[in-house]
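Scroll down for the structure; my scribbles are underneath it.
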Amino acid sequence: MPAVDTKIRVRYKETDRMGVVHHSNYYTWFEIGRGEYMRARGMTYRSMEEKGWMLPVIETRCFYKQPAKYDDTVIVRTRMAEFKGVRLKMEYEVIREEDGALLAKGYTVHAITDSNLKPVNIKKADPELYRFFMECLER
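For the sequence shown, the tail end lands on 138 under numbering that gives the first Met the number 0, and the numbers increase by one without skipping.
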């Protein structure tokens with residue numbers, strides 16, 4: 000289950016008056032990491048949604064260790080931790096590139112739904128997408 004790393008430079012607008020990244024931005028970074036993870040594995044969110052499949056977030060958690068600050072370069076390390084046919088779990092680490100410090104870690108859990116947000120068993124509904132998610136666990 001190798002991870003995919005995505006580099007992000009902390010923008011001024013993501014910080015508070017003290018130059019510290021506001022906690023809500025970590026969830027945006029998780030989303031960026033998730034999109035880049037899928038792309039690196041050969042699938043885009045757009046192509047999945049064009050087929051009628053969605054991945055709404057149904058659970059999320061973030062554990063903050065150290066603050067990121069304005070102009071830091073952070074690496075969002077993303078991997079698929081679980082896949083169970085109707086849901087999947089992604090895990091994230093946010094690491095400051097300059098010193099390797101772990102700044103935060105967390106996860107998101109996603110239901111697999113149709114475009115009406117009705118849960119689907121993707122193994123039956125789209126065997127190709129099912130194989131893609133299974134391969135993500137094995138890589």
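Where is the CB? At the ideal position from N, CA and C, for every residue including glycine.
For V93 and Y25, believed in contact at Cβ under 8 Å, the rounded distance: In the sequence shown, residue 25 corresponds to position 26, counting from 1. In the sequence shown, residue 93 corresponds to position 94, counting from 1. Correct: roughly 6 Å between the Cβ atoms.
C-alpha gap between E49 and S23, whole angstroms: Residue mapping note: residue 49 aligns to position 50 of the sequence shown, counting from 1. Residue mapping note: residue 23 aligns to position 24 of the sequence shown, counting from 1. The alpha-carbon atoms of E49 and S23 are separated by roughly 29 Å.
Y91 and V75 closer than 8 Å at C-beta: Locating residue 91 in the sequence shown gives position 92, where the first residue counts as 1. Locating residue 75 in the sequence shown gives position 76, where the first residue counts as 1. Yes.
Pair within 8 Å by beta-carbon distance, V201 and V73: Residue 201 lies beyond the residue range present for the chain, which begins at 0 and ends at 138; the question has no answer from this structure.
Residues near A103 in its chain [Cβ-Cβ closer than 7 Å; skip 5 each side]: Walking along the sequence shown from the start, residue 103 turns up at place 104. Around A103: Y25, C61, F62, Y63, K64, V93.
Span separating the alpha-carbon of F131 from that of R40: Residue mapping note: residue 131 aligns to position 132 of the sequence shown, counting from 1. Residue mapping note: residue 40 aligns to position 41 of the sequence shown, counting from 1. When rounded, the distance between both Cα atoms is 8 Å.
Boundaries of the alpha helix (DSSP H) in which Y63 is found, first to last residue: Along the sequence shown, one-based indexing puts residue 63 at 64. No alpha helix (DSSP H) holds Y63; the beta strand (DSSP E) holding it covers 56 to 63.
Contained alpha helix (DSSP H) runs [length at least 4] in the region 53 to 128, N- to C-terminal order: 121 to 124
Minimum C-alpha distance to V19 - residue among K83, M79, E58, D71: Here residue 19 refers to the residue found at position 20 when the sequence shown is read from its first residue. Per the Cα distances, D71.
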